[in-house]
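What follows is a set of notes on a single structure, which appears directly below.
There are 2 protein chains.
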Amino acid sequence: MRQVHPNAALEREAVIKMLREHHITPTQQRVDIAMALFERPQHVCADQVLVQVNAVESLVSKATVYNTLGLFAKKGLIREVLVDPARLFYDSNMTPHHHMYHTDSGILEDVAPGQVQLGALPDAPEGMVVEGVDVVIRVRRV
Amino acid sequence: MRQVHPNAALEREAVIKMLREHHITPTQQRVDIAMALFERPQHVCADQVLVQVNAVESLVSKATVYNTLGLFAKKGLIREVLVDPARLFYDSNMTPHHHMYHTDSGILEDVAPGQVQLGALPDAPEGMVVEGVDVVIRVRRV
DNA sequence: ATTGCGTTTAGACAAAGTCTAGCACAGAAA
DNA sequence: TTTCTGTGCTAGACTTTGTCTAAACGCAAT
Ligand SMILES: [Mn+2]
Ligand SMILES: [Mn+2]
Ligand SMILES: [Zn+2]
Ligand SMILES: [Zn+2]
Chain A
1 MRQVHPNAAL
11 EREAVIKMLR
21 EHHITPTQQR
31 VDIAMALFER
41 PQHVCADQVL
51 VQVNAVESLV
61 SKATVYNTLG
71 LFAKKGLIRE
81 VLVDPARLFY
91 DSNMTPHHHM
101 YHTDSGILED
111 VAPGQVQLGA
121 LPDAPEGMVV
131 EGVDVVIRVR
141 RV
Chain B
1 MRQVHPNAAL
11 EREAVIKMLR
21 EHHITPTQQR
31 VDIAMALFER
41 PQHVCADQVL
51 VQVNAVESLV
61 SKATVYNTLG
71 LFAKKGLIRE
81 VLVDPARLFY
91 DSNMTPHHHM
101 YHTDSGILED
111 VAPGQVQLGA
121 LPDAPEGMVV
131 EGVDVVIRVR
141 RV
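Top line first, the protein sequences correspond to chains A and B.
Its first residue numbered 1, the first sequence is counted upward by one per residue in my numbering.
Its first residue numbered 1, the second sequence is counted upward by one per residue in my numbering.
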């Protein structure tokens, strides 16, 4: 019994469609992981996903969680966020935005792209393309 | 015999002075590490420092390298750079600048601050101060 | 000499993440 | 139907980065 509310099946279909659009074969495990990720925009690390997805019943192994998050990031479904040297966060919010990181508490917030004025960037070196520009504003208690 | 060229002793004095100015007690090990770091502006991870500093003779332990790099970063002598999820880099160039990271090769370059136009930033939340703003331009081979 | 204090150290330990080798399963070929 | 083939999943071993602990050290003040 995994149908929590009436739309669950529909959401599952939407997630499957999303995976297909990103050229990812929608296996049971990948769909379970994607459902957890896209339930709401969030910043999560791999072992949080592992716990979240196996909360009710054990559905996905550790290796698959790591592989799948890597795959999703490569395919542009989620985004890596580097703020904590000890773990890699994944962001299920793919709309362009930046981040504010509370170095003392570990809180990670989104910053609307309009809040940061980014002018001209340096050209990428010959034969290179810009994959992305990450802006992290680190803040701490006074 | 650690005097490589005539200025070595002088450089050592300069490094000691620098540590004092940052309120760091200049122990033998800390000075050795700082000498390695400030020989030239560079991006290094802890175990590169460990190797570098112990190249000629074993001078500093692993624990001290990690502790010292953390201390230097806290005291504002060097800067942490998060670009590789597997390891933390330290930057011995403290002049304000940003970074360009080659995701496929692992090359990390400095970007002059003038190359990136950063306009108004969002205000830090009540009771918080901005510790720093990191801009990383990720590039890869076409 | 003794105490105190900050520092260093070896090595145990923790945690994130990767790798391997076998299994499951689905579709294609025979 | 059976066999073959390729992709994906898995447990658990393993690797690597980094932290912690407990003892020892260096040095100054008493
Ligand atoms: Mn975690
Ligand atoms: Mn390294
Ligand atoms: Zn975000
Ligand atoms: Zn730099």
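All C-beta atoms in this analysis are idealised placements derived from N, C-alpha and C, irrespective of residue type, glycine included.
Please read all numbers here as calculations on a predicted model, not as lab measurements.
Answer yes or no: does any C-beta atom of chain A fall closer than 8 Å to that of residue i?
i	result
residue 55 of chain B	no
residue 1 of chain B	Confidence at residue 1 of chain B is low in this model, with a pLDDT of 44, below 50, so the placement of that residue is unreliable and no value is reported for it.
residue 30 of chain B	no
residue 110 of chain B	no
residue 137 of chain B	yes
residue 41 of chain B	no
residue 131 of chain B	yes
If residue i sits next to residue j, beta carbons under 8 Å apart, how far is it from one beta carbon to the other, in whole angstroms?
i	j	result
residue 31 of chain B	residue 56 of chain B	Not confirmed; about 15 Å, so no contact.
residue 122 of chain A	residue 115 of chain B	4 Å
residue 138 of chain B	residue 132 of chain A	5 Å
residue 65 of chain B	residue 49 of chain B	5 Å
residue 142 of chain B	residue 129 of chain A	5 Å
residue 60 of chain B	residue 29 of chain B	5 Å
Suppose the cutoff is 6 Å on Cβ atoms and the five residues either side in sequence are ignored; what does the same chain contact list for residue i look like?
i	result
residue 72 of chain A	78
Apart from the five residues on each side of it in sequence, which residues of its chain come closer than 8 Å, Cβ to Cβ, to residue i?
i	result
residue 42 of chain A	91, 92, 93
residue 2 of chain B	Note that residue 2 of chain B scores a pLDDT of 45, beneath 50, so its modelled location is shaky; the value from the coordinates is reported in the next line. Only 8, 56 meet the Cβ criterion.
residue 20 of chain B	26
Taking Cβ positions only, does residue i come closer than 8 Å to chain B?
i	result
residue 115 of chain A	yes
residue 165 of chain A	The structure shown has nothing for residue 165 of chain A, since chain A only spans 1 to 142.
residue 143 of chain A	Any question about residue 143 of chain A goes unanswered here, given that chain A covers just 1 to 142.
residue 141 of chain A	yes
residue 27 of chain A	no
residue 121 of chain A	yes
residue 94 of chain A	no
By Cβ distance below 7 Å, which residues in the same chain neighbour residue i in space, the five residues on each side in sequence not counted?
i	result
residue 83 of chain B	89, 99, 101, 108, 136
Is residue i near ligand 6, judged by its Cβ being under 7 Å from some heavy atom?
i	result
residue 63 of chain B	As far as ligands go, the structure on display features ligand 1, ligand 2, ligand 3 and ligand 4 and does not contain ligand 6.
With a threshold of 16 other CB atoms inside 10 Å of the CB of residue i, please say whether the residue is buried or exposed.
i	result
residue 44 of chain B	buried
residue 37 of chain A	buried
- Beta carbon shell of ligand 3 at less than 6 Å from a heavy atom: This selection yields A:43, A:91, A:93, A:97, A:99, A:110.
- Would you list the residues whose beta-carbon is nearer than 7 Å to any heavy atom of ligand 2, in the order they occur in the chain? Taken from the N-terminal end onward, the list reads B:45, B:46, B:47, B:48, B:87.
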